[in-house]
DNA sequence: TTAATTCATGTTAGCGCTGTCATTTCGGGG
DNA sequence: CCCCGAAATGACAGCGCTAACATGAATTAA
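Chains as they are written, first to last, in the working numbering: chain A, 1 to 346; chain B, 1001 to 1346.
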């Protein structure tokens, strides 16, 4: 046994060295590997040894170095998570689900935000893969070919979230936005609405809003109707935009009897507009959102909308991948579904 | 030079091996260190060599292994981030700021959520420190002694966010919630309000809400007033709770002329209650929040509140630590301030 | 022409940990 | 009393990369 505390000359002498396995082993008078085994709970260990070692660990405040551990075993406990934004409450909710799923197994999410930009996403994917994560979770399907190739060849499990209207690389978890849009149309038609207005935001970055729109239009089409009016804001969805866009819609198409919004943020703005303009939701004008956000349900009039299960999407993705760490032969799709919330605005 | 492509027998033979520096070096006919230098942009490199190597890198789709790099150089590009929750929009906003600050330098946040639990936080701190992050960002000051010790002895830079009403381990970035509370009181008194009601949530986990309350009470006290009524919900803050608690407050103390809410979520609920109950904000009852959330400013009546700069808090913390990677001799405090938003509800 | 520089690249020795074999110890069956 | 197998522990190499020092070629100074 070579002197365990002998340290390389490479170490900078400033500050106290962080404690390593070797230090703990020396103190407990066992080999490094024994400490390692005890800390990882593998192999048969005598109780007396375990006690001695744990005492040393506690006394020295040893914190294992997962970087070294990961390199040695090539078993990482990091999971890459790439989402387009944190401003839209939907994504923090997904992240919550991811976190909840990861928590019990000690995995940690490393987060990247794309700002809805595919090039940023590409860089992020490379940057996160460099950490050799155990898996990668990414929102959406809109990747550059390079991104797709990197994810494909990484070999780790890849979950593409939110959407299931496309074929994933490995695993998709989400709901059919097209179907949700279609069902929105069916539901509102059943309720007797006929003159549909659409209030949307810039969907160049929001493929899913577009899908819902397409589904809705299809439903109208199948019933022999078309949109009576549309108002789209340039920027991203927001309550303010919903408010002003509903105003714009009603000016250009005063005769619409229901306004479908690209999401709840917009729809809440619509409700606010009604309050200001003296319009009674449902009686004068139906209002319908998408997502089922808390704020919509806390309004004086509960917003009529479709609930997407964001938390569940995140948690399911994690659970599925934890359960099976090898990619299945064929891509798998998990539909977390949605449900119509019969609120008081449509 | 030993055969560069000679691979250990330890490698499992299944699947294609990930490409390593050594593979790239072999292909470009240079040593590993040369590739490493080129990729990191250090040292003098001949243009011809650089081209040859970059070509090999591209052709092979090489992605550097940051785990190995970190171990070898003990320079990590991970930053630990610990926040209590993602449900409260405030923390995603801080995280956005953190991300914005980290982005340009290629650092990545590793996230942990405490759920407002100090024991969870303790575990998270250990778990994140195990990744040898370059720095650690943590919300609040309420740590267990063990947590504090670990952060202290880690040697890396530590930022404690949101709050500056205590002495940090290293760096605090935030605002004085006590002062914000005090200024709320001064402001409302100046506006002529005298009979103050308080609508709050469980502050056992929300030290900052308590601080604001204390500051507010102090302001009233200094002016010779006291609270005319209080209504506290058991759980966390929410719009729904704000609604029902304002109702409760007005039942028990019908004569209050202004209701101060523990935050904007609660206050928005209060506004909704007024809408339902036929109370005209400001004229019949002043309503005042805290945070300056978008939703409050998008209401038909802009919420009167105090804007806390959450995004800025995150970004400032990161920028400060990136700028100086060594801990200063004495703890430093950065006040990101706040401003009164003169809305239409008080 | 020769020594001193600079530039470009290579060699060596780890970083802290874990996989893979040993090796040692001990109790009991034959 | 010896052998065998299980239990407990250890030695050693190596994960993929980089710091530090070393080397060789091309300049430049002298």
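Cβ coordinates follow ideal geometry from the N, Cα and C atoms, glycine included.
Collapsed DSSP secondary structure at residue i in the structure displayed
i	result
residue 30(A)	coil
residue 1157(B)	strand
residue 1193(B)	coil
residue 1291(B)	strand
residue 1017(B)	coil
residue 344(A)	coil
residue 330(A)	coil
residue 68(A)	helix
residue 270(A)	helix
residue 1283(B)	coil
residue 1307(B)	strand
residue 1059(B)	helix
residue 301(A)	coil
residue 1314(B)	helix
residue 1098(B)	helix
residue 1046(B)	coil
residue 1174(B)	strand
residue 35(A)	helix
Neighbour list for residue i in chain A, Cβ cutoff strictly below 7 Å
i	result
residue 1130(B)	63, 64, 65 and 66
residue 1113(B)	99
residue 1071(B)	67, 68 and 71
Beta-carbon proximity of residue i to residue j, cut-off 9 Å
i	j	result
residue 164(A)	residue 175(A)	yes
residue 1289(B)	residue 1296(B)	yes
residue 314(A)	residue 138(A)	no
residue 1102(B)	residue 1075(B)	no
residue 1280(B)	residue 1243(B)	no
residue 1228(B)	residue 1256(B)	yes
residue 1161(B)	residue 1184(B)	no
residue 181(A)	residue 214(A)	yes
residue 264(A)	residue 303(A)	yes
residue 95(A)	residue 81(A)	yes
residue 194(A)	residue 225(A)	yes
residue 1341(B)	residue 1292(B)	yes
residue 331(A)	residue 151(A)	no
residue 282(A)	residue 219(A)	no
residue 1311(B)	residue 1121(B)	no
Residue i to residue j span [Cα, whole Å]
i	j	result
residue 1124(B)	residue 1344(B)	42 Å
residue 206(A)	residue 186(A)	23 Å
residue 66(A)	residue 1132(B)	8 Å
residue 1204(B)	residue 1269(B)	21 Å
residue 1231(B)	residue 1202(B)	11 Å
residue 1273(B)	residue 300(A)	7 Å
residue 19(A)	residue 64(A)	9 Å
residue 1168(B)	residue 1177(B)	15 Å
residue 128(A)	residue 209(A)	28 Å
residue 1249(B)	residue 1199(B)	7 Å
residue 1057(B)	residue 1027(B)	9 Å
residue 141(A)	residue 1100(B)	24 Å
residue 1044(B)	residue 1055(B)	18 Å
residue 317(A)	residue 338(A)	16 Å
residue 298(A)	residue 188(A)	22 Å
residue 1077(B)	residue 1037(B)	17 Å
Neighbour list for residue i in chain A, Cβ cutoff strictly below 8 Å
i	result
residue 1110(B)	78, 108, 109, 110 and 111
residue 1138(B)	Within 8 Å Cβ-Cβ: nothing; residue 1138(B) doesn't reach chain A, min ~15 Å.
8 Å Cβ cut-off: residues of chain B touching residue i
i	result
residue 243(A)	1298
residue 204(A)	By Cβ distance, chain B contributes nothing, its closest Cβ being about 21 Å from residue 204(A), past 8 Å.
residue 272(A)	1298, 1299 and 1300
residue 127(A)	1106 and 1108
residue 275(A)	1275 and 1300
Chain B contact residues for residue i, given Cβ-Cβ distances below 7 Å
i	result
residue 89(A)	1089
residue 359(A)	The requested residue 359(A) does not occur in the structure, where chain A is confined to residues 1 to 346.
residue 295(A)	1239 and 1295
residue 197(A)	Going along chain B, no residue has its Cβ under 7 Å from residue 197(A), so there is no contact; the nearest lies around 20 Å.
residue 269(A)	1298
Contacts of residue i in chain A (Cβ-Cβ under 9 Å)
i	result
residue 1096(B)	85, 86, 87 and 113
Closer than 9 Å at the beta carbon, the chain B residues around residue i
i	result
residue 167(A)	Ordered by position in chain B, no residue passes the 9 Å Cβ test against residue 167(A), which lies about 22 Å from the chain.
Return the chain-ordered ranges of every alpha helix (DSSP H) run that is complete within the region 182 to 241 of chain A and spans a minimum of 4 residues. 207 to 222
Residue ranges of each alpha helix (DSSP H) run of no fewer than 4 residues wholly in the region 101 to 165 of chain A, ordered along the chain? 118 to 129 and 145 to 154
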